[in-house]
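To keep things clear, I will list the structure first and then write my remarks on it.
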Amino acid sequence: MTAVADLLAAETARFEREHPRSRELAARARRSLLGGVPMHWMVRWPGGFPVFAADAAGARVRDVDGHEYVDFCLGDTGAMTGHSPEPTVHAVQEQAERGITLMLPSEDALCVGEELARRFGLPRWQFALTATDANRFAIRLARAITGRPKVLVFDWCYHGTVDEAFATLDHGAVVPREGNLGPPVPPSETTRVVQWNDPEALERELAHGDVAVVLTEPVLTNIGIVPPLPGFHDALREATRRHGTLLLIDETHTLCAGPGGYTAAHGLEPDLLTVGKAIAGGIPAAAYGFSAGVADRVEAAVEEEVSDVGGVGGTLAANVLSLAAMRATLGEVLTDEAFARMIALGERFEAGVAGAIERHGLPWHVTRLGCRVEYLFRPERPRTGAEAAGGGDAELDRLAHLWALNRGILLTPFHNMALMCPATTEADVDRHTDVFELLAAELGPVTIPA
Ligand SMILES: Cc1ncc(COP(=O)(O)O)c(C=O)c1O
155 MTAVADLLAA ETARFEREHP RSRELAARAR RSLLGGVPMH WMVRWPGGFP VFAADAAGAR
215 VRDVDGHEYV DFCLGDTGAM TGHSPEPTVH AVQEQAERGI TLMLPSEDAL CVGEELARRF
275 GLPRWQFALT ATDANRFAIR LARAITGRPK VLVFDWCYHG TVDEAFATLD HGAVVPREGN
335 LGPPVPPSET TRVVQWNDPE ALERELAHGD VAVVLTEPVL TNIGIVPPLP GFHDALREAT
395 RRHGTLLLID ETHTLCAGPG GYTAAHGLEP DLLTVGKAIA GGIPAAAYGF SAGVADRVEA
455 AVEEEVSDVG GVGGTLAANV LSLAAMRATL GEVLTDEAFA RMIALGERFE AGVAGAIERH
515 GLPWHVTRLG CRVEYLFRPE RPRTGAEAAG GGDAELDRLA HLWALNRGIL LTPFHNMALM
575 CPATTEADVD RHTDVFELLA AELGPVTIPA
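Here it is, written out as structure tokens:
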């Protein structure tokens, strides 16, 4: 057995021993829940079963066995605000007693639209319940106003459960992404895929003249953090404009870069922008924004009489509870000051991990975007999604997560990713560094073959 497999076996035994109540609930859950979990991604927690939550507040989660965790997973970004932030809870409590969903606008919607316009620079907004839906709706509208059928995405992107985006490249051919369940049509019919940071490939694919919209994160965050090379965003914007293709920037994760996401921090000029997850403190809510020109074209294209059957929107979308939560979260929780503190904590986290990697001579690296930090167990920094996807070490990933979990640290199960929230402290960050250092000491130094 390798050192990693040995350690994993020992950590798994410890996890089972120390979580008897979660284990009991997991056994019971197998009888009423598909796969034993309420949402099937949760099978990805390490240890053989997920810990069952008792409660959460700020940067802390407690499980049903009484363990307390410093939470760097934060609901996979949905709770980047910290759990149950007081202003959001207060707004939700107040609103819940005055109506939850009405199919009527409230004044909160205007305040949120104005605040999103201030943050992201796009003047007009609509709301949805999830970032997935915001992306779907934005894509549909882009098709409607351009009259073009296709979407272009970057290889190994993730934008929620959006059919068009579940495509990868296989020797240059567009194929369903591994794990894509029941694609409605072969994705090559709907989607063009190019490598991130490859302006020539982008140019070649846009030249077909059939791409309604390019959908991208401004920095890939779902296959490790893969930043744009210098000039890539300029090339992307210039090429999309020249080819009459709209540019849709998905800020759902990259909101971690600052109050107006990467778009505001780097002066991007998207035609459409989507954002979800944390913007209502974890209450289901998402938003999609339009440049003035695109908003005018959409308004001209939508016929009022049939606007409720256009494939965009939904009964519960823009409900007054979500909007009250968004207003409080944007106004009082994810503030400019909160971001300044969260990003400083991200820098501390990154420095702690980088120091441990260096001290123990490990062929790993750490990357940061604002208050989001990710370590990858390989020496080279990827420049494309394909490079990031290749050469992973699933066993080491599992060990790192379980090692942390057994020592009171929660990391997102799908990444080695940590997120700082307004309630995270320097001591929380240092605790992670200590735990990571212990793992690095067990595994290093590794001799890198010449
Ligand atoms: C960039 C990005 N966009 C959209 C989504 C979809 O979010 P949701 O699952 O809340 O719909 C995700 C989810 O991870 C994401 O990372």
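Position one of the sequence shown corresponds to residue 155 (the numbering used here), numbered consecutively onward.
The beta-carbon is built from N, C-alpha and C at its ideal position, and this holds for glycine as well.
- Taking all protein chains shown into account, residue 339 has fewer than 16 neighbouring C-beta atoms within 10 Å of its C-beta and is therefore exposed.
- When the Cα atoms are used, residue 183 and residue 205 turn out to be separated by approximately 12 Å.
- With contact defined as three or more Cβ pairs closer than 8 Å, the stretch 445-454 and the stretch 402-417 are not in contact.
- Closest option to residue 263, judged by alpha-carbon separation, among 440, 588, 519 and 534: 440.
- Linking residue 565 to residue 215 through their CA atoms gives a straight-line distance of about 12 Å.
- Cβ-Cβ distances below 6 Å link residue 473 to 255 in the same chain, with the five nearest sequence neighbours on each side left out; the list follows chain order.
- Scanning its chain for C-beta atoms nearer than 7 Å, with the 5 sequence neighbours on each side dropped, one finds around residue 177 the residues 170 and 203, in chain order.
- Residue 566 has its Cβ no nearer than 7 Å to any heavy atom of ligand 1.
- With a threshold of 16 other beta carbon atoms within 10 Å, residue 363 falls short and is exposed.
- Residue 186 counts as exposed, since fewer than 16 other beta carbons sit within 10 angstroms of its beta carbon.
- For residue 521, the secondary structure class from DSSP, reduced to helix, strand or coil, is strand.
- Taking residue 218 as the centre and dropping the five residues before and after it, the same chain places the C-beta of 175, 176, 179, 206 and 208 closer than 7 Å to its C-beta, in chain order.
- Counting only residues of its own chain and dropping the five nearest sequence neighbours on each side, residue 570 has a CB closer than 8 Å to the CB of 528, 529, 530, 531, 551, 554 and 555.
- Taking 4 residues as the shortest admissible run, the stretch 527-603 contains the following complete alpha helix (DSSP H) segments, listed from N- to C-terminal end: 539-543, 548-560 and 580-597.
- Relative to ligand 1, residue 371 has its C-beta within less than 7 Å of a heavy atom.
- In the DSSP assignment, the residues bridged to residue 279 are 443.
- Taking every protein chain shown into account, the CB of residue 350 has 16 or more other CB atoms within 10 angstroms, so this residue is buried.
- C-alpha of residue 233 to C-alpha of residue 431: approximately 8 Å in a straight line.
- Here residue 230 is actually not in contact with residue 540; their C-beta atoms are around 23 Å apart, not less than 8 Å.
- Positions of the alpha helix (DSSP H) runs, each at least 4 residues long and wholly inside the stretch 467-495, are given as 474-482 in order along the chain.
- By the neighbour-count criterion, in which a residue is buried when 16 or more other Cβ atoms sit within 10 angstroms of its Cβ, residue 496 is buried.
- Under the three-state reduction of DSSP output, residue 262 falls in the helix class.
- In this model, residue 329 and residue 341 are separated by some 6 Å (Cα to Cα).
- Contact between the stretch 365-380 and the stretch 293-308 is present: 3 or more CB-CB pairs across the two stretches fall below 8 Å.
- When the five nearest sequence neighbours on each side are left out, the beta carbons in the same chain lying within less than 8 Å of the beta carbon of residue 596 are those of 157 and 161, in order along the chain.
- Residue pairing by DSSP puts residue 304 in a beta bridge opposite 365.
- The way I'd put it, the stretch 507-521 doesn't touch the stretch 421-436; fewer than three beta-carbon pairs between them come closer than 8 Å.
- For the pair residue 484 and residue 574, the CB atoms are not nearer than the 8 Å cut-off.
- Pairing residue 523 with residue 373 gives a Cβ-Cβ distance under 8 Å.
- DSSP places residue 207 in no alpha helix (DSSP H) but in the uninterrupted beta strand (DSSP E) bounded by 207-211.
- Placement of the Cβ of residue 289 at a distance of less than 7 Å from at least one heavy atom of ligand 1 is found.
- For residue 223, the distance from the CB to the nearest heavy atom of ligand 1 is not below 7 Å.
- Only buried fits residue 445, as 16 or more other CB atoms lie within 10 angstroms of its CB.
- Checking the 7 Å criterion, the Cβ of residue 407 is within range of a heavy atom belonging to ligand 1.
- Under DSSP, residue 403 forms a beta bridge with 370 and 427.
- Judged by DSSP in its simplified three-state form, residue 392 adopts helix.
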